[in-house]
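Undergrad: For the sequence shown, full-length UniProt numbering begins at 1 and goes up steadily by one.
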Amino acid sequence: SKEEQEKVIEKAGFVVEETDKRIAEYMALADSQAVVVRRLCELVYNKTKDSMIEEAQQQMVLARQEWEQHTEIKERSMKQELQKLLDVVNKKDYLISHETSVVEEITSTNESERSGASNGNGLFEGQNFYDSDSQSSGFNEQLHKELNIGSCVTKSDTNENEMKGIRTTKGKNISAENRLRQEFNSEI
């Protein structure tokens, strides 16, 4: 009948309205859930990002510490090597200075001996009369007796490497030696 149809239509309309309401509620819930899900994703992303940033910062700190330690060790090693070189240079400077002072002292002693006052016989005080080319010391011994100049053996205190014994006459004194030799030979 017509009334029954109207009731069915009315009931169907009511069902459609309820369905629309339910759909709207579900959509609202889905939107709400989407908001929640999006918020959760943002939190996870931010947390992950912060964690990654923190880890990167820690790695940078560790790398910096390792670099500083490496640089400090290398710097200390370079300083040690430099100190060794300086010690070697200072030691060489000391040896050179010491040897120079010894040479100057020997030179000064030799100069003072060469510039000694003449004793009237063509010899100089402090000089030893000896012929380095002579194979025997007989001539020198006889000459020493004739001139009465005593022993000519001296010892140098200024040079440990200098030979002990009779020192040869060289340079300006060689002419005096030749003259005395000629006089000695002529007398013989």
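Even for Gly, the Cβ is constructed at its ideal location relative to N, Cα and C. Remember, predicted model here, so these are calculated numbers, not experimental data.
Between the C-alpha atoms of residue 25 and residue 13, what's the straight-line distance to the nearest angstrom?
TA: On the sequence shown, position 25 is the one that residue 25 refers to. On the sequence shown, position 13 is the one that residue 13 refers to. When rounded, the distance between both Cα atoms is 18 Å.
Undergrad: From residue 8 to residue 31, what does the alpha carbon distance come to, in whole angstroms?
TA: On the sequence shown, residue 8 is found 8 positions in, with the first residue counted as 1. On the sequence shown, residue 31 is found 31 positions in, with the first residue counted as 1. Spanning the two alpha carbons is a distance of roughly 34 Å.
Undergrad: Give me the Cα-Cα distance between residue 92 and residue 75, rounded to the nearest whole angstrom.
TA: Taking the sequence shown and counting its residues from 1, one reaches residue 92 at position 92. Taking the sequence shown and counting its residues from 1, one reaches residue 75 at position 75. One C-alpha to the other measures close to 26 Å.
Undergrad: Give the straight-line distance between the Cα atoms of residue 4 and residue 11, rounded to the nearest whole angstrom.
TA: As a first step, residue 4 must be located in the sequence shown, where it is residue number 4. As a first step, residue 11 must be located in the sequence shown, where it is residue number 11. Rounded to the nearest angstrom, the two C-alpha atoms are 10 Å apart.
Undergrad: For residue 99, which residues from the same chain have a beta carbon less than 8 Å from its beta carbon, with the 5 sequence-adjacent residues on both sides left out?
TA: In the sequence shown, counting from the first residue as 1, residue 99 sits at position 99. Contacts found: none.
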